[in-house]
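Taking UniProt numbering, the leading residue of the sequence shown gets 1, the next gets one more, and so forth.
Even for Gly, the Cβ is constructed at its ideal location relative to N, Cα and C.
One structure is given here, and the rest of the page talks about it.
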Amino acid sequence: MIPIPLSLIVTALLPNCQINLRYEAVERIFQEVTSAYRDHEIDWMLVYTAGCTIDNTTLPEHVTELSDLDRLINGTFRLFLAALPTPPTIVTIARSSEDGYTPLENVDQIQDHVLDQLRERLGPEIDVKLIYQEEEEKH
1 MIPIPLSLIV TALLPNCQIN LRYEAVERIF QEVTSAYRDH EIDWMLVYTA GCTIDNTTLP
61 EHVTELSDLD RLINGTFRLF LAALPTPPTI VTIARSSEDG YTPLENVDQI QDHVLDQLRE
121 RLGPEIDVKL IYQEEEEKH
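The following block contains the structure:
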(Lines of atoms letter the chains of each structure in order from A and count residues from 1; the text may use other names and numbers.)
(Lines give C-alpha, C1' and ligand atoms only; values in the text may rest on other atoms or scores of the structure.)
Protein backbone atom coordinates (compact mmCIF):
# COMPACT_ATOMS: atom_id res chain seq x y z
CA MET A 1 0.00 0.00 0.00
CA ILE A 2 1.33 3.44 -0.92
CA PRO A 3 1.20 5.79 2.07
CA ILE A 4 -0.87 8.90 1.53
CA PRO A 5 1.02 12.01 2.66
CA LEU A 6 -0.40 13.66 5.72
CA SER A 7 0.31 17.16 4.63
CA LEU A 8 0.77 18.82 1.29
CA ILE A 9 1.40 22.31 0.14
CA VAL A 10 0.40 22.99 -3.43
CA THR A 11 1.52 26.20 -5.04
CA ALA A 12 0.12 27.09 -8.42
CA LEU A 13 1.86 29.91 -10.27
CA LEU A 14 0.40 31.70 -13.21
CA PRO A 15 1.98 30.97 -16.59
CA ASN A 16 4.88 33.24 -17.59
CA CYS A 17 2.73 35.24 -20.00
CA GLN A 18 0.54 36.41 -17.12
CA ILE A 19 3.21 37.34 -14.58
CA ASN A 20 2.38 40.76 -13.22
CA LEU A 21 3.54 43.30 -10.68
CA ARG A 22 2.22 41.34 -7.70
CA TYR A 23 4.24 38.30 -8.70
CA GLU A 24 7.30 40.49 -9.23
CA ALA A 25 6.84 41.90 -5.70
CA VAL A 26 6.68 38.38 -4.24
CA GLU A 27 9.73 37.41 -6.30
CA ARG A 28 11.67 40.45 -4.98
CA ILE A 29 10.89 39.45 -1.38
CA PHE A 30 11.99 35.89 -2.11
CA GLN A 31 15.23 37.15 -3.70
CA GLU A 32 15.94 39.44 -0.72
CA VAL A 33 15.45 36.61 1.77
CA THR A 34 17.53 34.11 -0.21
CA SER A 35 20.31 36.65 -0.78
CA ALA A 36 20.59 37.32 2.97
CA TYR A 37 20.25 33.73 4.21
CA ARG A 38 21.34 30.34 2.99
CA ASP A 39 18.51 27.97 2.17
CA HIS A 40 19.16 25.74 5.18
CA GLU A 41 18.88 28.82 7.45
CA ILE A 42 15.40 29.70 6.21
CA ASP A 43 12.50 28.07 8.02
CA TRP A 44 10.07 27.67 5.12
CA MET A 45 7.77 25.63 7.35
CA LEU A 46 7.28 28.75 9.47
CA VAL A 47 5.10 30.15 6.69
CA TYR A 48 3.03 26.98 6.76
CA THR A 49 2.76 26.73 10.54
CA ALA A 50 1.95 30.42 10.94
CA GLY A 51 -1.56 29.63 9.72
CA CYS A 52 -2.02 26.61 11.96
CA THR A 53 -3.90 26.90 15.22
CA ILE A 54 -4.25 24.66 18.21
CA ASP A 55 -7.78 24.51 19.53
CA ASN A 56 -9.02 23.23 22.84
CA THR A 57 -12.22 22.01 21.24
CA THR A 58 -12.88 18.76 19.46
CA LEU A 59 -13.40 18.61 15.74
CA PRO A 60 -16.95 18.22 14.42
CA GLU A 61 -18.16 14.72 13.62
CA HIS A 62 -19.33 15.11 10.03
CA VAL A 63 -18.37 13.26 6.89
CA THR A 64 -19.24 15.24 3.78
CA GLU A 65 -20.89 13.19 1.05
CA LEU A 66 -18.96 12.94 -2.23
CA SER A 67 -21.81 14.70 -4.06
CA ASP A 68 -21.59 17.60 -1.59
CA LEU A 69 -17.82 17.85 -2.06
CA ASP A 70 -18.37 17.95 -5.81
CA ARG A 71 -21.02 20.66 -5.44
CA LEU A 72 -18.84 22.74 -3.12
CA ILE A 73 -15.72 22.56 -5.27
CA ASN A 74 -17.20 22.54 -8.78
CA GLY A 75 -19.94 25.00 -7.83
CA THR A 76 -19.04 27.32 -4.97
CA PHE A 77 -15.26 27.32 -5.46
CA ARG A 78 -15.70 27.82 -9.23
CA LEU A 79 -17.95 30.83 -8.56
CA PHE A 80 -15.39 32.20 -6.09
CA LEU A 81 -12.61 31.97 -8.70
CA ALA A 82 -14.83 33.57 -11.36
CA ALA A 83 -15.67 36.47 -9.02
CA LEU A 84 -12.03 37.44 -8.47
CA PRO A 85 -11.32 40.78 -10.17
CA THR A 86 -7.94 39.51 -11.39
CA PRO A 87 -6.41 36.05 -11.45
CA PRO A 88 -4.38 35.22 -8.35
CA THR A 89 -0.61 35.39 -8.67
CA ILE A 90 0.14 32.53 -6.30
CA VAL A 91 -2.24 29.97 -4.81
CA THR A 92 -1.10 27.91 -1.84
CA ILE A 93 -3.18 24.99 -0.64
CA ALA A 94 -2.35 23.14 2.57
CA ARG A 95 -4.02 19.82 3.23
CA SER A 96 -3.96 17.57 6.25
CA SER A 97 -5.76 14.47 7.39
CA GLU A 98 -3.54 13.96 10.41
CA ASP A 99 -5.89 15.81 12.76
CA GLY A 100 -8.89 13.79 11.64
CA TYR A 101 -10.82 16.80 10.31
CA THR A 102 -10.56 15.76 6.66
CA PRO A 103 -11.21 12.06 6.13
CA LEU A 104 -8.14 10.41 4.65
CA GLU A 105 -10.18 8.96 1.80
CA ASN A 106 -11.31 12.46 0.67
CA VAL A 107 -8.00 14.32 0.69
CA ASP A 108 -6.88 13.31 -2.82
CA GLN A 109 -10.32 13.91 -4.31
CA ILE A 110 -10.48 17.41 -2.84
CA GLN A 111 -6.97 18.24 -4.04
CA ASP A 112 -7.63 16.93 -7.56
CA HIS A 113 -10.91 18.81 -7.95
CA VAL A 114 -9.46 22.07 -6.60
CA LEU A 115 -6.52 21.80 -9.01
CA ASP A 116 -8.96 21.08 -11.86
CA GLN A 117 -10.85 24.28 -11.06
CA LEU A 118 -7.63 26.29 -10.87
CA ARG A 119 -6.55 24.92 -14.27
CA GLU A 120 -9.96 25.77 -15.72
CA ARG A 121 -9.78 29.36 -14.42
CA LEU A 122 -6.05 30.05 -14.85
CA GLY A 123 -5.22 27.82 -17.79
CA PRO A 124 -3.84 24.31 -18.10
CA GLU A 125 -0.24 25.50 -18.15
CA ILE A 126 -0.14 26.61 -14.49
CA ASP A 127 2.99 25.46 -12.71
CA VAL A 128 1.96 23.12 -9.89
CA LYS A 129 4.56 22.24 -7.27
CA LEU A 130 3.67 19.41 -4.87
CA ILE A 131 5.76 19.63 -1.71
CA TYR A 132 5.02 16.97 0.85
CA GLN A 133 5.81 17.68 4.50
CA GLU A 134 7.81 14.48 4.83
CA GLU A 135 10.05 15.56 1.93
CA GLU A 136 10.40 19.07 3.36
CA GLU A 137 11.53 17.74 6.75
CA LYS A 138 14.40 15.79 5.13
CA HIS A 139 16.06 19.04 4.00
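- The way I'd put it, the segment 77 to 93 does touch the segment 116 to 131; three or more beta-carbon pairs between them come closer than 8 Å.
- The three-state secondary structure of Ser97, taken from DSSP, is coil.
- For the pair Asp39 and Phe30, the Cα-to-Cα distance works out to about 11 Å.
- Unbroken alpha helix (DSSP H) runs of no fewer than 4 residues, entirely contained in the segment 73 to 121, are found at 78 to 83, following chain order.
- Of all alpha-carbon atoms in Tyr101, Leu66 and Glu98, the one lying nearest the alpha-carbon of His113 is that of Leu66.
- The criterion of a C-beta distance shorter than 8 Å is not satisfied by Gln111 and Leu69.
- Counting C-beta atoms within 10 angstroms of its own C-beta, Arg22 has fewer than 16 neighbours from the protein chains shown and is therefore classed as exposed.
- For Leu79 and Met45, the gap between their C-alpha atoms comes out near 31 Å.
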